[in-house]
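Numbering (the numbering used here), first residue to last: 1 to 411.
First comes the structure, then the notes that go with it.
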Amino acid sequence: MARHVADSCPGVLRLHEAADGPLARIRVPGGRLGPMQWQVLAEAARDLGDGNIELTARGNVQLRRVHDAEALTERLAGAGLLPSRTHERVRNIVASPLSGRIGGLTDVHTLVPELDAGLLAAPRLADLPGRMLFSLDDGRGDVSGLGADIGVHAVATDDFALLLAGGDSGVRITAADAVDVMLAAAHGFLELRGDDPGRWRLRDLEHGAERLADLLGLAPGPDRLEFAAGRDIPIGWLEQDDGLVALGAGVHLGSLPARTAEFLAAIERTVFVTPWRGLVVTDMEEWAAEQVVRVLAPMGLIFDADSPWLLVSACAGRPGCAKSHTDVRADAAEAITAGRVLPPTDRAEWETGHIEPKPAPRQGVPDVPLLAPADVSVAGRQHWSGCDRRCGRPRGTVTDVVATDGGYRVE
Ligand code: SF4
């Protein structure tokens with residue numbers, strides 16, 4: 001698909017003018033944030049934004065209603081969250097959050113800083129679109145289904161499948177070569193797209209994956225792995241391989257209050273942002289993990305895998321987005337608290353996620369009734385959107401609840 005315009009993804013230095021004020025997106029490679037970074041984000045959200053930290057579907061974070069961009073830049077740079085002024089928007093890297101701690105064939109988190117440093121070190125790669133996504137999956141299959149442009153998926157301790165345009169390219173590479181090949185693929189994408197800034201993703205190039213592998217001189221083998229948007233998201237008590245404990249936590253509609261983030265900072269552990277708009281608090285003794293649940297569950301973090309909040313995602317809606325027909329987040333929250341978000345009807349489908357998503361229907365479907373907010377009751381995973389663009393819709397099997405000017409359409 002050619003759009004003829006460069007992507008306009010927001011960053012810290014280029015804010016998005018949302019309907020409720022400037023929005024800053026902060027890249028967090030691998031979703032990894034240390035205690036001091038959580039503290040800085042919490043203070044920035046409270047002092048310079050609307051008081052919340054939004055978690056994104058790429059494991060990044062964003063602040064809304066930023067009223068002092070210069071102060072934000074200074075604070076984030078001081079916390080190591082803005083290591084480059086030229087490359088900030090290209091550092092979209094997701095990695096299996098539990099890698100190196102629980103299961104997996106290898107620890108992909110060791111590769112994240114290497115990949116990030118390689119991106120920052122190459123002046124040409126500052127031209128990558130802000131939409132490009134890199135993924136590193138340790139073999140468990142949690143992030144390979146996210147459709148990254150360039151990714152690696154462990155097939156053995158020291159071997160990876162190279163993923164291009166969201167699928168297995170058939171190319172196999174060693175762990176030692178993984179970062180170099182991903183960086184070469186990023187350069188190759190820029191070469192293939194040439195002067196056309198409207199091609200934001202590798203899939204926008206015709207036969208992009210095949211042409212890129214060819215450009216890199218990498219010969220695909222006959223085997224292809226299949227990836228689905230899995231539902232094996234980490235929630236609750238998780239025993240680490242080293243005997244310590246991690247906690248997976250859901251966040252109400254992906255919006256974390258600054259006060260809760262300050263408590264996360266006080267745990268003094270690495271806390272990952274997951275691409276499912278959740279958190280993983282790592283490396284705790286059992287007694288400490290028990291304390292964390294005791295303090296943070298009443299503050300709204302979700303440690304119960306059966307919570308209906310985990311079934312629901314929503315776009316910004318009003319007042320953040322001028323295109324929205326209504327405040328979808330308020331309506332979605334009301335549906336949850338009123339018990340109108342029902343458990344999945346097919347538990348096996350919910351747990352495995354191994355069902356391909358239906359293509360999103362377009363607006364104007366004639367025979368779908370329009371519902372008042374209080375009449376919407378949906379079972380299983382659902383995404384509420386303020387208009388037909390359906391921003392932030394997760395991959396996998398999801399029911400769409402789409403606002404129109406006459407009520408909600410459920411599809
Ligand atoms: S889905 Fe529509 S209303 Fe929601 S954020 Fe996107 S453009 Fe705005």
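Ideal Cβ placement from N, Cα and C applies to all residues, glycine included.
- One alpha carbon belongs to arginine 46, the other to alanine 121, and they sit about 33 Å apart.
- Setting aside the 5 residues that flank it on each side, proline 22 is surrounded in the same chain by Leu15 and Val66, each with a C-beta closer than 6 Å to its C-beta; the list follows chain order.
- Using a Cβ-Cβ distance cut-off of 8 Å, the region 217 to 231 and the region 32 to 42 are not in contact, since fewer than three pairs of beta carbons, one from each stretch, lie closer than that value.
- The beta carbons of valine 271 and tryptophan 38 sit about 6 Å from each other, so the pair counts as a contact at 8 Å.
- No Cβ-Cβ contact shorter than 8 Å links serine 135 with valine 181.
- In the DSSP assignment, tryptophan 287 falls within the alpha helix (DSSP H) that extends over 286 to 296.
- Each of Cys315, Ala316, Gly317, Cys321, Lys323, Ser324, Ser385, Gly386, Cys387, Arg389, Arg390 and Cys391 has a C-beta closer than 6 Å to some heavy atom of the ligand SF4; these make up the full list, in chain order.
- Segment contact: the region 109 to 124 against the region 139 to 149, fewer than three CB-CB distances shorter than 8 Å; contact not assigned.
- Histidine 207 is classed as exposed because its beta carbon has fewer than 16 other beta carbons within 10 Å across all chains shown.
- Within the same chain, Asp7, Cys9 and Arg89 come within 6 Å of glycine 130 by CB-CB distance, once the 5 residues on both sides are set aside.
- Looking at the DSSP output, aspartate 142 sits in no beta bridge, so it has no partner there.
- Classified as exposed, alanine 71 has fewer than 16 neighbouring CB atoms from the shown chains inside 10 Å of its CB.
- As summarised for the region 80 to 166, the continuous alpha helix (DSSP H) elements at least 4 residues long and confined to that stretch are 111 to 121, given in chain order.
- Annotation: the continuous beta strand (DSSP E) that includes histidine 16 extends over 16 to 18.
- According to DSSP, residue pairing for glycine 31 in a beta bridge does not occur.
- Counting only runs of 4 or more residues that sit fully inside the region 175 to 203, the alpha helix (DSSP H) segments are 175 to 193, in chain order.
- One alpha carbon belongs to proline 257, the other to valine 378, and they sit about 27 Å apart.
- Annotation for threonine 337: the continuous alpha helix (DSSP H) segment containing it runs 328 to 337.
- Taking a contact to require three or more Cβ pairs closer than 8 Å, the region 250 to 266 and the region 276 to 290 qualify as touching.
- About 7 Å separates the Cβ atoms of glutamate 334 and proline 373, confirming a contact at the 8 Å cut-off.
- Contact check for histidine 383 and arginine 395: beta-carbon distance about 10 Å, past the 8 Å limit, so the pair fails to qualify.
- Remark: fewer than three beta-carbon pairs, one from each stretch, lie closer than 8 Å, so the region 96 to 112 and the region 286 to 301 are not flagged as touching.
- Phenylalanine 272 carries a strand assignment under DSSP once its states are collapsed to helix, strand and coil.
- According to the DSSP assignment, glycine 78 belongs to the alpha helix (DSSP H) that extends over 69 to 78.
- Arginine 409 sits buried, since 16 or more C-beta atoms from the chains shown fall within 10 Å of its C-beta.
- Per DSSP, aspartate 400 is one residue of the beta strand (DSSP E) stretching across 399 to 404.
- If you draw a straight line from the Cα of arginine 25 to the Cα of leucine 128, it comes to about 16 Å.
- In the DSSP assignment, alanine 24 falls within the unbroken beta strand (DSSP E) covering 21 to 26.
- Here glutamate 286 is exposed: its Cβ has fewer than 16 other Cβ atoms, across all protein chains shown, within 10 Å.
- The DSSP-derived three-state label of glutamine 240 is coil.
- For glutamate 206, there is no enclosing beta strand (DSSP E), as DSSP marks it with neither H nor E.
- Counting only the Cα atoms, leucine 247 lies some 5 Å from tryptophan 237.
- Boundaries of the alpha helix (DSSP H) around glutamate 262: 258 to 266.
- Taking the C-beta atoms as reference points, glycine 198 is found no nearer than 8 Å to valine 398.
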